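Participant: To start, I am sharing the structure in question, which I have written as structure tokens.
Residue numbers (our numbering): 1 to 310.
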């Protein structure tokens, strides 16, 4: 088919041309051809080849790179997609770098490259710490469940910390995960991260602490953006079932947890909070361009000092 985008008149008033129905750019350039193969012909390998050609010829380079990475992930070419984004992102404008970071994070997660995922999440935290997030704006527009929303720097910081904590969970580094989850909850608490914190505590056999966190969730002390469909409630029930499964029958006690906190437990929690405060400063130090700190970090530091003094 030489003319992939010949715009024939629709057969009926309700019919639409392919470029309209599938939101394909008009014209016959490499990027338009790539989108046609991706969305109309469903020939993903052909679309990848045309995305490459679009990049090489300078036709909508940033869009072509992002779309190509997404299609390569669909085809299972994860390593190739990662290499393409890392080697070609310099061709894209500054405003595209954040979305390319998000694509890389998704590729790292899908391919199990947790170490690289953690490093990129730390890089995002550095940018927030230095006031470089959202291109200097207080909020950014995003999509959530098909709706356009405004995300604040505070919300983004908590979200990135939550993702970092989950990555540590995948490494079974539960102490680091707990530290980061607690930091995220200080900034913008929500029910989902609270459940993940409870899971982290369960993995450390701190069952009583996990029950306290889950009790707070059931009491409605946290936001739950998806509570309407019962996801959070089901998640709490699953975690409580895990706690019950680890209950030791003799004497009604719990394996590895007598429900009490000792001085050692308090010391561990204080040390973990101090560790994260130091870690955030270390992540930012090599990239510091000024003495600016976002208010969110200024608000948290006194909390950590107070808890360390207890």
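Ideal placement from N, C-alpha and C gives every residue a C-beta, glycine not left out. Predicted, not measured: the structure shown is a model, and the values here were computed from it.
Skipping 5 residues on each side, what residues in its chain have a beta carbon closer than 7 Å to that of residue 163?
Facilitator: Excluding positions up to five away in sequence, the list reads 121.
Participant: How about residue 30 and residue 62: do their beta carbons lie closer than 8 Å?
Facilitator: In this structure, residue 62 does not lie closer than 8 Å to residue 30 by Cβ.
Participant: Any contact between the stretch 116-130 and the stretch 148-159? By contact I mean 3 or more CB pairs, one from each, below 8 Å.
Facilitator: Yes: the two stretches touch, three or more of their Cβ pairs being nearer than 8 Å.
Participant: Which class does residue 185 belong to by DSSP, given the choice of helix, strand or coil?
Facilitator: If DSSP states are grouped into helix, strand and coil, residue 185 belongs with the helices.
Participant: What do you get for residue 333, buried or exposed, if any count of 16 or more other CB atoms within 10 angstroms of its CB means buried?
Facilitator: This structure leaves residue 333 out entirely; the chain is present only between 1 and 310.
Participant: Does the beta-carbon of residue 182 have 16 or more other beta-carbons within 10 angstroms, so that it is buried, or is it exposed?
Facilitator: Its Cβ being crowded by 16 or more others within 10 Å, residue 182 is buried.
Participant: Quick one, which of 233, 208 and 209 has its alpha-carbon nearest residue 220's?
Facilitator: Checked all of 233, 208 and 209; the closest Cα to residue 220 is 233.
Participant: Do you know how far the Cα of residue 90 is from the Cα of residue 151?
Facilitator: Each residue's Cα considered, the two are about 26 Å apart.
Participant: Rank 213, 208, 209 and 175 by C-alpha distance to the C-alpha of residue 193 and give the top, closest one.
Facilitator: Residue 213 is the option with its Cα nearest to residue 193.
Participant: Roughly how many angstroms lie between the CA atoms of residue 51 and residue 45, to the nearest whole one?
Facilitator: The straight-line gap from Cα to Cα measures roughly 10 Å.
Participant: Could you check the C-alpha separation between residue 119 and residue 167 for me, to the nearest Å?
Facilitator: If you take the alpha carbons of residue 119 and residue 167, they lie about 10 Å apart.
Participant: Going by the DSSP bridge assignment, what does residue 150 pair with across the sheet?
Facilitator: In the DSSP output, where bridge partners are listed per residue, residue 150 has 141.
Participant: To which residues does DSSP link residue 223 through a beta bridge?
Facilitator: 190, per the DSSP bridge assignment.
Participant: Cα-Cα, which of 188, 179 and 187 is closest to residue 197?
Facilitator: Closest by alpha carbon: 179.
Participant: Rounded C-beta distance between residue 71 and residue 48? I'm assuming under 8 Å.
Facilitator: Going by Cβ atoms, the distance from residue 71 to residue 48 rounds to 6 Å, so yes, they are a contact pair.
Participant: Quick one: Cα of residue 238 to Cα of residue 115, how far?
Facilitator: Cα to Cα, the separation comes out at about 29 Å.
Participant: In chain order, what residues of the same chain have a beta carbon less than 8 Å from the beta carbon of residue 202, not counting five sequence neighbours either side?
Facilitator: Excluding sequence neighbours, residue 202 sits near 210, 239, 242, 243 and 246.
Participant: For residue 69 versus residue 107, is the C-beta spacing smaller than 8 Å?
Facilitator: Yes, these two residues count as a Cβ contact at 8 Å.
Participant: Assuming residue 223 and residue 184 are in contact, meaning their beta carbons sit under 8 Å apart, how far apart are those beta carbons, in whole angstroms?
Facilitator: So it is not a contact: roughly 13 Å between Cβ atoms.
Participant: At which residues does the alpha helix (DSSP H) containing residue 86 begin and terminate?
Facilitator: 78-88 is the extent of the alpha helix (DSSP H) around residue 86.
Participant: Can you tell me which of the three DSSP states residue 132 falls into?
Facilitator: Note: residue 132 maps to coil in three-state DSSP.
Participant: Compare the C-alpha of residue 123 against each of 74, 105 and 57 and name the closest.
Facilitator: Among 74, 105 and 57, the Cα nearest to that of residue 123 is on 105.
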